[in-house]
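Peer 1:
Residue numbers (the working numbering): 1168 to 1313.
Structure below.
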């Protein structure tokens, strides 16, 4: 998550580090990171990391990440602007960070699941099977056999 915030800043400011120092660079990302970590505990996205990696899991990750970004955009950014005349995180950075985080979290979970399954199946003897004419049930049979 910290990587995605830094990457979002760099992308937003075209990799010009001198432009990033204009507003409170460390305060906004630090508070945002804490909010993200708390949201993972509230929404329990850490559960089912191995057995439930699917489109539903990606949707849950997106909703968790989007809820923090939306709350930040609706509540914290306007309050910060009223007090300091600066946003803690610009809206463009929020959007870029959300997209990067969703992609990275979904990819991480899928990679972790693949590595886990491969480590379990290393010592198993595999038998080749041909499934013919089963339609969508054939996909289910394949998943069960894997």
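Virtual Cβ for every residue (Gly too), placed ideally from N, Cα, C.
Given a threshold of 16 other Cβ atoms within 10 Å of its Cβ, counted over all protein chains shown, does residue 1250 qualify as buried or as exposed?
Peer 2: exposed
Peer 1: Anyone know if the C-beta pair for residue 1264 and residue 1202 falls short of 8 Å?
Peer 2: For the 8 Å CB-CB criterion, residue 1264 and residue 1202 do not form a contact.
Peer 1: Quick one, which of 1297, 1299, 1196 and 1185 has its alpha-carbon nearest residue 1170's?
Peer 2: 1196
Peer 1: Taking the alpha carbon of residue 1228 as the reference point, which residue from 1274, 1252, 1304 and 1183 has its own alpha carbon closest?
Peer 2: 1274
Peer 1: Run the CB neighbour count on residue 1268, radius 10 Å, all protein chains shown included, and call it buried at 16 or more, exposed below.
Peer 2: buried
Peer 1: Please report the straight-line C-alpha distance between residue 1280 and residue 1248, rounded to a whole angstrom.
Peer 2: In this model, residue 1280 and residue 1248 are separated by some 42 Å (Cα to Cα).
Peer 1: Contact check, residue 1256 vs residue 1244 under 8 Å by CB: the rounded distance?
Peer 2: Between residue 1256 and residue 1244 the beta-carbon gap is near 7 Å, inside 8 Å, which marks them as a contact.
Peer 1: Please classify residue 1259 as buried or exposed, where buried requires at least 16 other C-beta atoms within 10 Å of its C-beta.
Peer 2: exposed
Peer 1: Is residue 1286 helix, strand or coil by DSSP?
Peer 2: helix
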